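Novice: Just dropping this structure here.
Residue numbers (this note's numbering): 50 to 316.
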């Protein structure tokens, strides 16, 4: 299994418009962060996690030419505002693209991209060809030969979706992971987890809160995403345990296939 980080930044990206802080002015390419998104390559499939406003640039940066399915974590703009940019993949593949999300997420997609589902459109115009599939936390879905387990996590007062794909756990924008969800995230090779900054935030984990969860789950390694401009890549990594690192845009990670301890996700 291969994981590519297409973006690792928070909702406004880094550098932020109009900001003159040291991270936004940094020449370190690790501090340039598009909105958080990832590509999972498994069993011959290319599965996109979230389709934010930087999707076009992320696809060009990574040479992405096929999307077999999209997993949506939630309906905030930095995670779904690039859905219209799935159109070129429709043309390349000559196929509809399935999108998976919880009830609230898909309702927002239907509303914001109503033209994609309308029976009436302007002559000659194009629109993304999408099929929407509702998911529920704790109920595995099948994409091709790959079993994926959606996991409910809390993002402020929203319940959003994390995902377990065999030895990979992917959780972004969480402010709370309840015991029932944590039970589904043991035995991981790689955990992707959000960590916004050091200071508290009402809807996102801090670095400290992320480390507390990592200590309980004990994955082989953890890569942090959805970082704000308060975190400098080199400085933050120097302060983290060796098995925990800030991810960076364009990073490619090979994930070891291994027996999975979750009772709902057979190896």
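Beta carbons: idealized from backbone N, C-alpha and C, even for Gly.
Since we're looking at a predicted model, the values are computed, not measured.
Excluding the 5 residues flanking residue 110 on each side, which residues of the same chain have their C-beta closer than 7 angstroms to its C-beta?
Specialist: 299
Novice: Which residues in the same chain have their Cβ closer than 6 angstroms to the Cβ of residue 239, if we skip the five residues on either side of it in sequence?
Specialist: 217, 270 and 304
Novice: Alpha carbons only, please: which of 225, 126, 288 and 151 is nearest the one belonging to residue 319?
Specialist: Not covered by the structure: residue 319. The range shown for the chain is 50 to 316.
Novice: What does the alpha-carbon distance come out to for the pair residue 259 and residue 219?
Specialist: Taking the Cα positions, residue 259 is about 13 angstroms away from residue 219.
Novice: Secondary structure at residue 129, three-state DSSP: helix, strand or coil?
Specialist: helix
Novice: At a cut of 8 angstroms, does the segment 64-72 reach the segment 99-117 through at least three beta carbon pairs?
Specialist: Per the Cβ contact rule, the segment 64-72 is not in contact with the segment 99-117 (fewer than 3 Cβ pairs under 8 angstroms).
Novice: Is the separation between the beta-carbon of residue 273 and that of residue 243 shorter than 9 angstroms?
Specialist: yes
Novice: Using three-state DSSP, classify residue 282 as helix, strand or coil.
Specialist: helix
Novice: Can you list the alpha helix (DSSP H) stretches of 4 or more residues lying completely in the segment 201-275, in chain order?
Specialist: Whole alpha helix (DSSP H) segments, 4+ residues: 228-231 and 256-266.
Novice: To the nearest angstrom, how far is it from the Cα of residue 143 to the Cα of residue 151?
Specialist: 26 angstroms
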